[in-house]
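Asks: Can you read through this structure? Questions will come right after.
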Amino acid sequence: MTILLEQYISGLELDASLAEAKAWAERTQLNSLIITNDGRFIGMLDAQFLMDDNFGQELNRLDDYINAYPEEVQQGAYICVQAHIFNAAEAFSNVLNDHLAVVDHDHNYIGIRSRNDVLEELSEFLNMSQKGTVIDVHIPSKEPMISEIIRLVETEGVHVKTVTVQQPKIEEKHCRLTIKFENEEVSNAISTLERFGYTVYIPDRDLQRDIDFHERANELIRLLEL
């Protein structure tokens, strides 16, 4: 699944001055600056640093400030353009930013996505009222690789419509991931998951399962800490 850009806002180059940085922040109304170097994404920087008296006096340019305080640059705060919506959600779960940069495979900055936009898309993706073929996948309760599982099944040409997760009970070691497919024939996807060591079940359809879907979708969002 390709991440769609919400909008494009040009990045702020390393040689930007104090006046240019302040003008950028005022124009974009973003709470973090997007720092680039010849178009390549460097990282994000909390706009509060613009209030630092040192910046604009002893430190005249962005690269001066970054060299003095490299720990303030969020270098891992970005989303790859080819990433699945779960990767985008996970990226936001690791930061407090309202927006994140989107980069291409060469790490060139190409736009932004907002937290609210990603959450809305994730909620739409988790619409469990849609019809489709359902399977359950047991995955380790620690650091479940949801996006990796989605990638595996979609390589078999099946389209994932919705995903939910059920957290394990105290005595259990696995989460239960429920995947709903658009396709009726999903045997190849099941075989692929089993080949990679996942245990897969095809559950019986019942009313309680439909009732549980909404709750389990909420659990997935909580798991991603959005």
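Residue numbers (this note's numbering): 71 to 296.
Note that CB positions come from ideal geometry on N, CA and C, so glycine has one too.
These numbers were taken from a predicted model, which means no experiment stands behind them.
#1: Please specify which runs of the beta strand (DSSP E), each continuous and at least 3 residues long, are wholly inside the region 163–232, giving them in chain order.
#2: Starting from Ile260, trace the alpha helix (DSSP H) in both directions and tell me its first and last residue.
#3: Please name the residue in Leu170, Asn164, Tyr135, Leu166 whose C-alpha comes closest to that of Cys150.
#4: Using CA coordinates, which residue listed in Tyr268, Tyr78, Ile272, Val270 is at the minimum distance from Val172?
#5: Judging by CA-CA distance, which residue of Tyr135, Val143, Leu88, Ala89 is the nearest neighbour of Gln114?
#6: To the nearest angstrom, how far is the alpha carbon of Ala161 from that of Val188?
#7: Identify the continuous alpha helix (DSSP H) that holds Arg97 and give its terminal residues.
#8: Where does Glu252 fall in DSSP's three states?
#9: Along the chain, where does the beta strand (DSSP E) that runs through Ile272 open and close?
#10: Identify whether Ile104 lies in helix, strand or coil by the three-state DSSP scheme.
#11: Can you list, in chain order, the residues of its chain with a C-beta nearer than 6 Å to that of Lys231? Leave out the 5 residues immediately preceding and following it.
#12: In chain order, what residues of the same chain lie with their CB nearer than 6 Å to the CB of Gly81, ignoring the 5 residues before and after it?
#13: Using DSSP bridges, identify the partner residues of Phe111.
#14: Can you tell me which of Leu88, Ile205, Thr98, Gly109 puts its alpha carbon nearest to the alpha carbon of Leu129?
#15: Take His177 as the anchor and find which of Ile112, Ala95, Tyr139 has the nearest alpha-carbon.
#16: Expressed to the nearest angstrom, what Euclidean distance is found between the alpha-carbon atoms of Ala138 and Arg131?
#17: Quick check: what's the CA-CA separation for Thr225 versus Gln145?
#18: Could you say which of Tyr268, Leu120, Arg110 lies nearest to Ile220 if we only look at CA atoms?
#19: Once DSSP output is grouped into helix, strand and coil, what is the label at Tyr135?
#20: Taking only the alpha-carbon atoms, compute the straight-line gap between Glu83 and Ser163 and give it to the nearest angstrom.
#21: With distances taken between CB atoms, is the gap from Ile205 to Ile260 smaller than 9 Å?
#22: If you reduce the DSSP assignment to three classes, tell me which class Ile149 lands in.
#23: Would you mind giving the Cβ-Cβ distance between Leu192 and Ile155, rounded to the nearest angstrom? I have them listed as a contact below 8 Å.
Replies: So, from the listed chains and residues:
#1: DSSP runs (the beta strand (DSSP E)) wholly in the region 163–232: 169–173, 179–184, 203–210.
#2: Taken as a continuous stretch (DSSP letters only), the alpha helix (DSSP H) holding Ile260 covers 257–265.
#3: It is Leu170 whose Cα lies nearest to the Cα of Cys150.
#4: Of the listed residues, the one whose Cα sits closest to Val172 is Tyr78.
#5: First, the residue type needs correcting, since residue 114 is Met and not Gln in the sequence shown. When only C-alpha atoms are compared, the closest one is Val143.
#6: The straight-line gap separating the alpha-carbon atoms of Ala161 and Val188 is approximately 10 Å.
#7: Start and end: 88–98.
#8: The DSSP-derived three-state label of Glu252 is coil.
#9: No beta strand (DSSP E) contains Ile272, which DSSP labels as neither H nor E.
#10: Of the three classes helix, strand and coil, the one that applies to Ile104 here is strand, per DSSP.
#11: The answer, listed in chain order, is Gln200, Gly202, Lys250, Glu252.
#12: These residues qualify, in order along the chain: Ile104, Thr106, Tyr179.
#13: Secondary-structure assignment with DSSP links Phe111 through a beta bridge to Thr106.
#14: Relative to Leu129, the option among Leu88, Ile205, Thr98, Gly109 whose CA is nearest is Leu88.
#15: The shortest C-alpha separation from His177 is found at Ile112.
#16: Between Ala138 and Arg131, the C-alpha separation is close to 11 Å.
#17: Thr225 and Gln145 have their alpha carbons spaced roughly 30 Å apart.
#18: Closest option to Ile220, judged by alpha-carbon separation, among Tyr268, Leu120, Arg110: Tyr268.
#19: Helix at Tyr135.
#20: Each residue's Cα considered, the two are about 27 Å apart.
#21: For Ile205 and Ile260, yes; Cβs fall inside 9 Å.
#22: Strand at Ile149.
#23: Their Cβ separation, rounded to whole angstroms, is 6 Å, which keeps Leu192 and Ile155 in contact under 8 Å.
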